[in-house]
Amino acid sequence: MGVAFGDADDGSRTMKRVMLSAAALLPLAACGSGQDVDPNSQYGAHPTLPAPHEQLIADVGVFPVVGWAAGEHPTVPAGFRIDALATGLSNPRNVLALPNGDVLIVESRNNASEPVQRPKDPIRDWIMARAHSQTKSGETSAASNRITLVRDADGDGKPETRSVLVDHLNAPFGVAVAGGRLYVANTDAIVAYPFTPGETRITAPGVKITDLPAGPINHHWTKSLTANADGSRLYVGVGSNSNAMERGPEAETRRAAVLEVDPATGASRVFASGLRNPNGLTFYPGTNTLYAVVNERDELGPNLVPDYMTSVRPGAFYGWPYSYYGQHVDPRVKPQRADLVARAIPPDYALGSHVAALGLAFYTGASFPGAYRGGAFVGEHGSWNRNDPHGYKVAFIGFQGGRPVGAPQDFVSGFLKDGKAHGRPVGVAVDRTGALIVADDVGNTVWRVSYVGGGAAR
Amino acid sequence: MATHVGHYPWSPMRVAGHPIYPVLLPIPILCFVGALITDIVYAGAPDMMWLDFSSWLLLAGLIAGGVAGVVLIVEMVRARRVAIGALRLHFVLLLSAWIVEVFNSFIHARDGFTAVVPTGLALSILAVVLCLAGGWAWRSATPMTGAVR
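Chains A and B supply the protein sequences, listed in that same order. Residue numbers are given in our numbering: position 179 of the first sequence equals residue 179, and the series is strictly consecutive. When you read off a place in the second sequence, starting at 1, and then add 1000, the result is the number in our numbering.
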């Protein structure tokens, strides 16, 4: 070989060999998902979990946002109707229905950008920005980071008044009303305002209850929030700062966890951990059982790892980042923690891979048919890490004896049509009349689904 | 002191009288060698910092290698029959290393250990062998380059 390098003719033969060895690498690029799994087997308590398959280039399926034209709306099952409760909003991410019929709409935008750690970061940010792009039907420059209150006093689904309840928030997401206060989970702190349902404008300044893990990275920035029945404790979901701890362990302090906060003192502790991005924190009606929907990790293939809904047990560890669904170890995470993996518990109910569940509400109303009572509505924002989209709908999961049963059903769908995203559902709530309220962030709309009986769907 | 740098068999691209290509050539080679070193360190002690180093070194090497490659193509056109055989070997080895590192960059974009072990490390070794051989072939193409008389 050494001689060959000096010789032109011999060199061209060497050249061919080199070219061939480079060509031998090409199949790496052509490989498919390698995960032939029926997506319908990835629901419920025992989802099929294929072997991890890290592709050369991870599947990316993001869809241009077109918004809703006048008269367009998502689809609902026969017997239900869907109407816009509020339009022209600015990135509505979450909703809270009050006992007096008022609906609080959390409009939120995280303007902070993450520091670039690796060359892939700006590329990923660009892809995510595309999936959230605002359109003409939205209002790109409209003020966000506020809570809008809509009042539908007569319960006919057509609000009479609309006002800004609180403004100038910092990327808020979670919201709860308890003990004469409105608690808002900004991305960096829980803030309390004196509030009695019925008020339409809060003028008093907020009081900080406690800081929450935030910048400078703040990867998963939505902080979900709920209060227990007597308002003595708050529960806040804090998502991880990375996909699979690639920002290092220090960045994950008090993250990928549900924190329990004493609103009287601001003291907090980790209530449960190993939950990559927990959202939709809600107590199961009439119980002390806290539930969450959790976004699991990406880039292990289109059919891994399924997102899930689970009861959140005090002190429990749910695996992230070391493992998923119990003892399925993530090969990317080193050094491993065998002690933590050994006590990782599997979640209750898989929702499907990459559906991006961000909202959860249990049906506590009386106006929907009996099968819906006590069941769960899950707002699935929709996938990016699959060619074939998952999510982009509100799913319904029936409960029996306080446990999820059966397969998820499409309840509100039609957000994605012909490869275009008209909207993407996020937070969900059940209002005083038993109607389902759905926040649609890129559609800049809040929808209301009501039951009208056995007639045709609209 | 009269030094005559660059006794090329052809007339190379020059900036301010000095050949430009020999300045560019070491950059990708050193970046790729550096990425191999940080890969080896990461494989032994997986702290994400080393993977970050590798990722940026690969990107820097690809950019510098792209610039060097364009200049090299110009040199090959200028060299024509004079030294084309050895230059072509040099070019193909470097191009192969560059292509391997493009794939390697995607592997290195994975979120953790599998970004390096085993595929990333294997590709780093292959690319370093190819570009060091390419550097060697450059010396054969320009035996007198840099000689001081």
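Backbone N, C-alpha and C define an ideal beta-carbon position, used for all residues, glycine too.
Residues near residue i by beta carbon distance below 7 Å, same chain, minus five either side
i: residue 413(A); result: 74, 75 and 393
i: residue 23(A); result: For residue 23(A), the predicted structure reports a pLDDT of 43, less than 50, and the residue's modelled location is therefore unreliable. A value from the coordinates is still provided. Around residue 23(A): no qualifying Cβ.
i: residue 1101(B); result: 1032, 1058, 1061, 1062 and 1127
i: residue 1117(B); result: 1043
i: residue 1130(B); result: 1093, 1096, 1097 and 1100
i: residue 181(A); result: 192, 193, 194 and 195
i: residue 1090(B); result: 1134, 1137, 1138 and 1141
i: residue 329(A); result: 322, 323, 336 and 341
i: residue 270(A); result: 254, 257 and 259
i: residue 221(A); result: 110, 171 and 187
i: residue 99(A); result: 197 and 432
i: residue 155(A); result: 101, 432 and 433
Span of the beta strand (DSSP E) around residue i
i: residue 94(A); result: 92-97
i: residue 306(A); result: 306-311
i: residue 361(A); result: 357-362
i: residue 393(A); result: 393-397
i: residue 120(A); result: Note, residue 120(A): premise wrong, no beta strand (DSSP E); alpha helix (DSSP H) at 120-131.
i: residue 1101(B); result: Premise fails: residue 1101(B) lies in the alpha helix (DSSP H), 1084-1108, not in any beta strand (DSSP E).
i: residue 194(A); result: 189-194
Cutoff 9 Å: residue i Cβ touching any chain B Cβ
i: residue 446(A); result: no
i: residue 217(A); result: no
i: residue 245(A); result: yes
i: residue 57(A); result: yes
i: residue 331(A); result: yes
i: residue 299(A); result: yes
i: residue 199(A); result: no
i: residue 92(A); result: no
i: residue 117(A); result: yes
i: residue 242(A); result: yes
i: residue 54(A); result: yes
i: residue 335(A); result: yes
i: residue 248(A); result: yes
i: residue 417(A); result: no
i: residue 120(A); result: yes
is_contact[residue i, chain A] using C-beta, thresh 9 Å
i: residue 1020(B); result: no
i: residue 1013(B); result: no
i: residue 1056(B); result: yes
i: residue 1114(B); result: yes
i: residue 1029(B); result: no
i: residue 1039(B); result: no
i: residue 1103(B); result: yes
i: residue 1032(B); result: no
Straight-line gap, residue i to residue j (C-alpha atoms, nearest Å)
i: residue 484(A); j: residue 1051(B); result: Chain A is shown only over 1 to 458; residue 484(A) falls outside these bounds and no answer can be derived.
i: residue 327(A); j: residue 343(A); result: 8 Å
i: residue 1081(B); j: residue 1119(B); result: 39 Å
i: residue 357(A); j: residue 1064(B); result: 43 Å
i: residue 350(A); j: residue 301(A); result: 16 Å
i: residue 143(A); j: residue 90(A); result: 7 Å
i: residue 28(A); j: residue 57(A); result: In this prediction, residue 28(A) has a pLDDT of 44, which is less than 50 and means its spatial position is unreliable; what the coordinates show is noted afterwards. Answer to the nearest angstrom: the Cα atoms are 10 Å apart.
i: residue 160(A); j: residue 433(A); result: 16 Å
i: residue 198(A); j: residue 224(A); result: 24 Å
i: residue 1074(B); j: residue 1068(B); result: 10 Å
i: residue 422(A); j: residue 442(A); result: 8 Å
i: residue 1008(B); j: residue 1045(B); result: 46 Å
i: residue 21(A); j: residue 1132(B); result: In this prediction, residue 21(A) scores a pLDDT of 44, lower than 50, which makes its location untrustworthy; the coordinate-derived value is nonetheless stated afterwards. The straight-line gap from Cα to Cα measures roughly 16 Å.
i: residue 226(A); j: residue 1113(B); result: 37 Å
i: residue 409(A); j: residue 400(A); result: 15 Å
i: residue 218(A); j: residue 424(A); result: 22 Å
i: residue 78(A); j: residue 370(A); result: 15 Å
i: residue 1038(B); j: residue 55(A); result: 23 Å
i: residue 1066(B); j: residue 299(A); result: 29 Å
i: residue 360(A); j: residue 380(A); result: 9 Å
Same chain, Cβ closer than 6 Å to residue i, five either side skipped, listed in chain order
i: residue 448(A); result: 83, 85, 157, 435 and 437
i: residue 406(A); result: 398
i: residue 1036(B); result: 1124 and 1128
Proximal residues to residue i (C-beta, below 8 Å), its chain only, five neighbours per side dropped
i: residue 209(A); result: 183, 189, 190, 191, 192, 234, 261, 263 and 266
i: residue 130(A); result: 62 and 64
i: residue 1041(B); result: 1050
i: residue 459(A); result: Because chain A spans 1 through 458 in this model, residue 459(A) falls outside it and cannot be assessed.
First and last residue of the uninterrupted alpha helix (DSSP H) at residue i
i: residue 58(A); result: Note, residue 58(A): premise wrong, no alpha helix (DSSP H); not H, not E.
Per the contact definition of three or more C-beta pairs closer than 8 Å, is the segment 106-115 of chain A in contact with the segment 208-219 of chain A?
yes
Would you call the segment 172-183 of chain A in contact with the segment 247-254 of chain A, where contact means no fewer than 3 C-beta pairs closer than 8 Å?
no
Three CB pairs or more closer than 8 Å across the segment 359-378 of chain A and the segment 59-72 of chain A
no
Would you call the segment 305-318 of chain A in contact with the segment 1020-1037 of chain B, where contact means no fewer than 3 C-beta pairs closer than 8 Å?
no
Touching or not, the segment 417-433 of chain A and the segment 119-128 of chain A, by the rule of three or more beta carbon pairs under 8 Å?
no
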